[in-house]
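Enquirer: Protein sequences appear in the order of chains S and C. 76 is the number of the first residue of the first sequence in the working numbering; add one for each residue after it. 76 is the number of the first residue of the second sequence in the working numbering; add one for each residue after it. Where is the CB? At the ideal position from N, CA and C, for every residue including glycine. Structure incoming, see below.
Number of protein chains: 2
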Amino acid sequence: MFEYLRPNIRAMAGYTPGEQPQDATYLKLNTNESPYPPSPRVFEAIRSALTSDRLRKYPDAIGSDFRRAAGKLLDVDPDCILIGNGSDDILTIVTRAFVPEGGLVVSPSPSYLLYRSLAEIQGASFQNVPYTPDWQLPVPWPIPNAHVTFIANPSSPSGTMVSRSSLERLAHTLRGPMVLDEAYVDFADANGLALVASRKVIVTRSLSKSYALAGIRFGYAVADAAIIRELIKVKDSYNCDVLSLAAATAAIEDQEYLRSTRAQILATRERLTQSLRGLGFDVCESQANFIWCRRADRPVRVIYEELRRRLILVRYMNYDGYGDGLRISVGSDSETDRLLAELRSIL
Amino acid sequence: MFEYLRPNIRAMAGYTPGEQPQDATYLKLNTNESPYPPSPRVFEAIRSALTSDRLRKYPDAIGSDFRRAAGKLLDVDPDCILIGNGSDDILTIVTRAFVPEGGLVVSPSPSYLLYRSLAEIQGASFQNVPYTPDWQLPVPWPIPNAHVTFIANPSSPSGTMVSRSSLERLAHTLRGPMVLDEAYVDFADANGLALVASRKVIVTRSLSKSYALAGIRFGYAVADAAIIRELIKVKDSYNCDVLSLAAATAAIEDQEYLRSTRAQILATRERLTQSLRGLGFDVCESQANFIWCRRADRPVRVIYEELRRRLILVRYMNYDGYGDGLRISVGSDSETDRLLAELRSIL
Numbered sequence: 076m077f078e079y080l081r082p083n084i085r086a087m088a089g090y091t092p093g094e095q096p097q098d099a100t101y102l103k104l105n106t107n108e109s110p111y112p113p114s115p116r117v118f119e120a121i122r123s124a125l126t127s128d129r130l131r132k133y134p135d136a137i138g139s140d141f142r143r144a145a146g147k148l149l150d151v152d153p154d155c156i157l158i159g160n161g162s163d164d165i166l167t168i169v170t171r172a173f174v175p176e177g178g179l180v181v182s183p184s185p186s187y188l189l190y191r192s193l194a195e196i197q198g199a200s201f202q203n204v205p206y207t208p209d210w211q212l213p214v215p216w217p218i219p220n221a222h223v224t225f226i227a228n229p230s231s232p233s234g235t236m237v238s239r240s241s242l243e244r245l246a247h248t249l250r251g252p253m254v255l256d257e258a259y260v261d262f263a264d265a266n267g268l269a270l271v272a273s274r275k276v277i278v279t280r281s282l283s284k285s286y287a288l289a290g291i292r293f294g295y296a297v298a299d300a301a302i303i304r305e306l307i308k309v310k311d312s313y314n315c316d317v318l319s320l321a322a323a324t325a326a327i328e329d330q331e332y333l334r335s336t337r338a339q340i341l342a343t344r345e346r347l348t349q350s351l352r353g354l355g356f357d358v359c360e361s362q363a364n365f366i367w368c369r370r371a372d373r374p375v376r377v378i379y380e381e382l383r384r385r386l387i388l389v390r391y392m393n394y395d396g397y398g399d400g401l402r403i404s405v406g407s408d409s410e411t412d413r414l415l416a417e418l419r420s421i422l
Numbered sequence: 076m077f078e079y080l081r082p083n084i085r086a087m088a089g090y091t092p093g094e095q096p097q098d099a100t101y102l103k104l105n106t107n108e109s110p111y112p113p114s115p116r117v118f119e120a121i122r123s124a125l126t127s128d129r130l131r132k133y134p135d136a137i138g139s140d141f142r143r144a145a146g147k148l149l150d151v152d153p154d155c156i157l158i159g160n161g162s163d164d165i166l167t168i169v170t171r172a173f174v175p176e177g178g179l180v181v182s183p184s185p186s187y188l189l190y191r192s193l194a195e196i197q198g199a200s201f202q203n204v205p206y207t208p209d210w211q212l213p214v215p216w217p218i219p220n221a222h223v224t225f226i227a228n229p230s231s232p233s234g235t236m237v238s239r240s241s242l243e244r245l246a247h248t249l250r251g252p253m254v255l256d257e258a259y260v261d262f263a264d265a266n267g268l269a270l271v272a273s274r275k276v277i278v279t280r281s282l283s284k285s286y287a288l289a290g291i292r293f294g295y296a297v298a299d300a301a302i303i304r305e306l307i308k309v310k311d312s313y314n315c316d317v318l319s320l321a322a323a324t325a326a327i328e329d330q331e332y333l334r335s336t337r338a339q340i341l342a343t344r345e346r347l348t349q350s351l352r353g354l355g356f357d358v359c360e361s362q363a364n365f366i367w368c369r370r371a372d373r374p375v376r377v378i379y380e381e382l383r384r385r386l387i388l389v390r391y392m393n394y395d396g397y398g399d400g401l402r403i404s405v406g407s408d409s410e411t412d413r414l415l416a417e418l419r420s421i422l
């Protein structure tokens, strides 16, 4: 059967997500999970949905309750919302809708490595456009003819953002749609939701990070309602389950809780940034819940390995044509203290 | 942005799943949900997994615990198991792995309509091969060169099965892989798991029907380990959430509970079949948790509509080149009594 696999699938390496050890031995600062629990309302909502009738019946295919809640929160029509089994599901759906075999997917670099994998699965080419040294989009944009252009904003691993006016200019330049991946936007000072009105932009969001719900898999897209109707054709009929839908709806309805955990994470991010600089790291100014750090004087891979030995996981990343660094999630204050203490002892 | 959609997406109608009214007004006999609750162990497992730590962290990407439990149950290596967000997710993954744009997907007809939608999303052609009048696979099989051939066994809407020897012969004839969709197999007298050894067959299963877990979205595939490794490249990294994984693992570990609900459903299926025949319906001999019935003397669409007015949903289906009928899920005994009483009053 192996010989019948599509050659693009056989050839690809596959996306490698960050390590997810299933025991609690490690302090996980490698995949940008929240150090704080989800809103108490999430637990209540899941417990309420935990009935025989809800489990044995199919869920609402389009997630009407979530769409209504998200529409209210974002001040958009619920028909402009697409529910997803994590925002990866949304990115997959968009790729399948717009990118033909032999097509072209483009993203700035370094950025989220999944964009390349999505292109490869689709049998399309992938090209990246290096960020300028200060993490801006080059002008003019050199590859305007992609079938989809993915812009993570804030981006990973840098945590940096480009301005709304840069995004507007890029969307105007592009011949195909622009996907604005706002997985980390709740930690930023601004967002690009208003760009949806241009009808060239699909905004994607995740509940994994800011809402502390990586375990339940929920993301969504905001776009023109006519586009959402087409994306619904591509998604699996029942892509979100009853418990995730209940959890996600409760989570976005508790904005006060989001504000309080966000404030803690932003304060710790600032302290982590300053402390790492004090330890000799070059640290990007982050608008996300992680920081990207490098150093000129010694290889960071060794630091990653030494932290790992001390049961702290951070993400070591090495990008072709750019180089390597450590992406460190912003943990709680005590987790950050432990990280900094170990780093001081290592360095 | 609409103009950048792939033409196959624009052109397709999209799969229409059975109606899922989100209130409890209707007696739902239209989408083959179980009338019985999931195993009590499922509730325990979900409650145990409902911790801050599990919700805020990413789940195990490959579902090791589920794979181990399924491997033990089925007596296969855990590496031969692929977890899916419902078996629709599995069917999607397989299609993306094997079917190129412009490729060919084949299935007997009438059968599960999603197979055509999956082909359309992929930009591939779809052809069907009519079952023989007694619901067997034609010999010789007329289209051996498909990139994927889907065989639902038991099939929907008929509920009938083809024998393992017919499947073996077909797998031998086909040039590409055969996907044996066993969503309903727990209600049947036999299964095709042994065919996986031929390395031409991928077996898919669902927990939606026999395990009463349509709401949590869980399915899986069994195939050669080398194929599973390739399919893992295609799936979303975290396609199953922590609560679904916990629920699914607990469900398959409670085989005694499955046996008891299965026995009830099979007894009711027999009674429903006989009663409908008594009312003048032509009823297929079902190996699933639904029955397919037609009648020569009057149009069944009117019966569907009249049942709907009386708050009972069954599935009216009409297939090109075959005709129409009603697919009725096997409910509890009291639900079946209510259905039969209404049918008697209508006819």
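Which class does R292/C belong to by DSSP, given the choice of helix, strand or coil?
Expert: To locate residue 292/C, count along the second sequence from 1; it is residue 217. Coil.
Enquirer: Along chain S, which residues have their Cβ under 8 Å away from the Cβ of E305/C?
Expert: Counting from 1 along the second sequence, the entry for residue 305/C is found at position 230. Result: F77, L80, I84 and R85.
Enquirer: Can you say whether G504/C is buried or exposed, counting buried as having 16 or more other CB atoms within 10 angstroms of its CB?
Expert: Only positions 76 to 422 of chain C appear in the structure, and residue 504/C is not among them; the question remains open.
Enquirer: Excluding the five sequence neighbours on either side, which residues of its own chain have a C-beta within less than 6 Å of the C-beta of T411/C, listed in chain order?
Expert: As a working mapping, residue 411/C is identified with position 336 in the second sequence. Taken in chain order, the residues that qualify are T343 and L347.
Enquirer: Please tell me whether Q97/C has its Cβ less than 8 Å away from any Cβ of chain S.
Expert: Within the second sequence, residue 97/C is the residue found at index 22, counting from 1. Taking Cβ atoms only, chain S reaches closer than 8 Å to Q97/C, which makes this a yes.
Enquirer: Assess contact between the stretch 193-212 of chain C and the stretch 333-341 of chain C, defined as three or more Cβ pairs (one per stretch) separated by less than 8 Å. Is contact present?
Expert: no
Enquirer: Does the structure place the stretch 308-324 of chain S close enough to the stretch 161-179 of chain S that three or more beta carbon pairs sit under 8 Å?
Expert: yes
Enquirer: Quick check on H247/S - is its C-beta less than 8 Å from some C-beta in chain C?
Expert: Taking the first sequence and counting its residues from 1, one reaches residue 247/S at position 172. Output row for H247/S: interface = no.
Enquirer: Mind pulling the chain C residues with CB within less than 8 Å of A321/S?
Expert: Indexing the first sequence from 1 puts residue 321/S at position 246. Per Cβ cutoff of 8 Å: no residues; A321/S is ~10 Å from chain C at best.
Enquirer: With distances taken between CB atoms, is the gap from D150/S to A300/S smaller than 8 Å?
Expert: Counting from one through the first sequence, the residue named residue 150/S turns up at place 75. Counting from one through the first sequence, the residue named residue 300/S turns up at place 225. Not in contact: D150/S and A300/S (Cβ atoms no closer than 8 Å).
Enquirer: Could you tell me whether the Cβ atoms of A194/S and S186/S are closer together than 8 Å?
Expert: The residue you call residue 194/S lines up with position 119 of the first sequence. The residue you call residue 186/S lines up with position 111 of the first sequence. No.
Enquirer: So, does the stretch 111-121 of chain S touch the stretch 368-380 of chain S, judging by three or more C-beta pairs under 8 Å?
Expert: The stretch 111-121 of chain S, when compared against the stretch 368-380 of chain S, does not touch it at the 8 Å Cβ threshold.
Enquirer: Under the rule that 16 or more other beta-carbon atoms within 10 Å means buried, what is D264/S, buried or exposed?
Expert: As a working mapping, residue 264/S is identified with position 189 in the first sequence. Looking at its Cβ environment, which holds fewer than 16 other Cβ atoms inside 10 Å, D264/S is exposed.
Enquirer: Please name the residue or residues paired with Y394/S in a DSSP beta bridge.
Expert: On the first sequence, position 319 is the one that residue 394/S refers to. Beta-bridge pairing links Y394/S to G398/S.
Enquirer: So, are the CB atoms of S109/S and A287/S less than 8 Å apart?
Expert: Taking the first residue of the first sequence as position 1, residue 109/S is located at position 34. Taking the first residue of the first sequence as position 1, residue 287/S is located at position 212. A contact, by the Cβ cut-off of 8 Å.
Enquirer: Considering only residues of the stretch 81-153 of chain S, which uninterrupted beta strand (DSSP E) runs meet the minimum length of 3 residues and lie entirely inside it, listed in chain order?
Expert: List check, beta strand (DSSP E) in window: 102-104.
Enquirer: List the residues of chain S that A172/C touches, going by C-beta distances under 7 Å, in chain order.
Expert: As a working mapping, residue 172/C is identified with position 97 in the second sequence. What A172/C touches in chain S: L80, R81 and I84.
Enquirer: Considering only their Cβ atoms, is the gap separating Y133/S from Q95/C smaller than 8 Å?
Expert: On the second sequence, position 20 is the one that residue 95/C refers to. On the first sequence, position 58 is the one that residue 133/S refers to. Yes, Cβ-Cβ distance for Q95/C and Y133/S is below 8 Å.
Enquirer: From which residue to which residue does the alpha helix (DSSP H) around D256/S run?
Expert: Within the first sequence, the letter at position 181 stands for residue 256/S. That residue, D256/S, is in no alpha helix (DSSP H); its beta strand (DSSP E) goes M253 to D256.
Enquirer: If we cut at 8 Å on Cβ distances, does A287/S have a partner in chain C?
Expert: Residue numbering aside, residue 287/S sits at position 212 when the first sequence is read from its first letter. Yes, because at least one Cβ of chain C sits closer than 8 Å to the Cβ of A287/S.
Enquirer: State buried or exposed for V389/S, treating a residue as buried only when at least 16 other CB atoms are found within 10 Å of its CB.
Expert: Indexing the first sequence from 1 puts residue 389/S at position 314. Per the 10 Å Cβ criterion, buried.
Enquirer: For A326/S and P229/S, what's the separation of their Cα atoms in angstroms?
Expert: The count along the first sequence starts at 1 and reaches residue 326/S at position 251. The count along the first sequence starts at 1 and reaches residue 229/S at position 154. Their backbone Cα atoms lie some 21 Å apart in a straight line.
Enquirer: Compute the Euclidean distance between the alpha carbons of S184/S and C359/S, then round it to the nearest angstrom.
Expert: For the purposes of this step, residue 184/S is taken as the residue at position 109 of the first sequence. For the purposes of this step, residue 359/S is taken as the residue at position 284 of the first sequence. Between S184/S and C359/S, the C-alpha separation is close to 15 Å.
Enquirer: Hey, could you find the ends of the beta strand (DSSP E) G159/S is sitting in?
Expert: Residue numbering aside, residue 159/S sits at position 84 when the first sequence is read from its first letter. G159/S -> beta strand (DSSP E) spans I156 to G159.
Enquirer: Throw me the rounded Cβ distance for the T106/S and G93/S pair, which I believe falls under 8 Å.
Expert: The residue you call residue 106/S lines up with position 31 of the first sequence. The residue you call residue 93/S lines up with position 18 of the first sequence. About 4 Å separates the two Cβ atoms, so the contact holds.
Enquirer: Using only the alpha-carbon positions, how far apart do L125/C and A323/C sit?
Expert: To locate residue 125/C, count along the second sequence from 1; it is residue 50. To locate residue 323/C, count along the second sequence from 1; it is residue 248. Cα to Cα, the separation comes out at about 15 Å.
Enquirer: I'd like to know whether the C-beta atoms of D256/C and T235/C end up nearer to each other than 8 Å.
Expert: Looking up residue 256/C in the second sequence gives position 181. Looking up residue 235/C in the second sequence gives position 160. No, the Cβ-Cβ distance between D256/C and T235/C is not below 8 Å.
Enquirer: In whole angstroms, what is the alpha-carbon distance linking R274/S and A86/S?
Expert: The count along the first sequence starts at 1 and reaches residue 274/S at position 199. The count along the first sequence starts at 1 and reaches residue 86/S at position 11. If you take the alpha carbons of R274/S and A86/S, they lie about 35 Å apart.
Enquirer: State the CB to CB distance for the pair L318/S and L130/C, rounded to an integer number of angstroms; the pair is presumed to be in contact (CB under 8 Å).
Expert: Mapped onto the first sequence, residue 318/S falls at position 243. Mapped onto the second sequence, residue 130/C falls at position 55. That pair is no contact at about 10 Å.
Enquirer: Can you give the Cα-Cα distance for G398/C and D357/C, rounded to whole angstroms?
Expert: For the purposes of this step, residue 398/C is identified with residue 323 of the second sequence, where counting begins at 1. For the purposes of this step, residue 357/C is identified with residue 282 of the second sequence, where counting begins at 1. Between the alpha carbons of G398/C and D357/C lies a gap of roughly 13 Å.
Enquirer: Taking all protein chains shown into account, decide if L270/C is buried (16 or more other Cβ within 10 angstroms of its Cβ) or exposed.
Expert: The count along the second sequence starts at 1 and reaches residue 270/C at position 195. By the neighbour-count definition (other C-beta atoms within 10 Å, threshold 16), L270/C is a buried residue.
Enquirer: Is it the case that the Cβ atoms of G267/C and R239/C are separated by a distance below 8 Å?
Expert: Translated into positions along the second sequence, residue 267/C becomes position 192. Translated into positions along the second sequence, residue 239/C becomes position 164. In contact: G267/C and R239/C (Cβ atoms closer than 8 Å).
Enquirer: If we define contact as Cβ-Cβ less than 8 Å, is V151/S a contact residue for chain C?
Expert: Position 76 of the first sequence, counted from the first residue, corresponds to residue 151/S. No, no contact with chain C.
Enquirer: Drop a sphere of 10 angstroms on the beta-carbon of R310/S, count the other beta-carbons inside from all chains shown, and report buried for 16 or more, exposed for fewer.
Expert: What you label residue 310/S is simply residue 235 of the first sequence in a count that begins at 1. Checking the sequence shown, residue 310/S turns out to be Lys, not Arg. When all chains shown are included, K310/S counts as buried.
Enquirer: Rounded to the nearest angstrom, what separates V237/S and L188/S at their Cα positions?
Expert: Within the first sequence, residue 237/S is the residue found at index 162, counting from 1. Within the first sequence, residue 188/S is the residue found at index 113, counting from 1. Using only the alpha carbons, I get a separation of about 19 Å.
Enquirer: Which residues in chain C have a C-beta closer than 9 Å to the C-beta of N314/S? List them in chain order.
Expert: The count along the first sequence starts at 1 and reaches residue 314/S at position 239. The answer, in chain order, is N160, G161, D163, D164 and R292.
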